[in-house]
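Here this note's numbering is used: position 21 in the sequence shown is 23, and no number is missing along the way.
Cβ coordinates follow ideal geometry from the N, Cα and C atoms, glycine included.
Just so it is clear, the structure is predicted and the values come from calculations on it, not from any experiment.
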Amino acid sequence: MLTRLQIDGFRNLARHELQFCKGINLFVGPNGAGKTNLLEAIGLFSLAKSCRGAKDSEMVGFGRELAEITADIQNLKKKPR
């Protein structure tokens with residue numbers, strides 16, 4: 003399970019850190035706020051490619067040299083008895 007996500011320089015997302023909880027996490031905001039970019043960042047971290055078919059250079063924020071995505075993942079598998 004994704005527990006924490008840090009994003010810096012990814013598309014229009016400057017520097018953000020998000021904490022996720024078990025269950026449903028909801029992203030709400032006006033148009034252009036970065037909700038889809040946030041989902042793309044999660045997909046990029048998970049799949050190592052853009053779910054929107056973007057090139058690497060297209061995902062780096064304007065005027066930036068690089069983008070960083072860091073995630074903390076918790077293993078939810080139960081231990082064997």
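If you check the beta carbons only, do residue i and residue j fall under 8 Å apart?
i: Gly65; j: Cys53; result: no
i: Ala73; j: Arg6; result: yes
i: Phe29; j: Leu40; result: yes
Going by the DSSP bridge assignment, what does residue i pair with across the sheet?
i: Gln8; result: Glu19 and Thr72
i: Val30; result: Bridge partners of Val30: none, in fact.
State the Cα-Cα distance for the pair residue i and residue j, rounded to the nearest angstrom.
i: Lys24; j: Met3; result: 8 Å
i: Glu110; j: Phe12; result: Residue 110 is absent from the structure shown; the chain starts at 3 and stops at 83.
i: Glu70; j: Gly31; result: 22 Å
i: Thr38; j: Lys80; result: 32 Å
i: Ile9; j: Leu15; result: 7 Å
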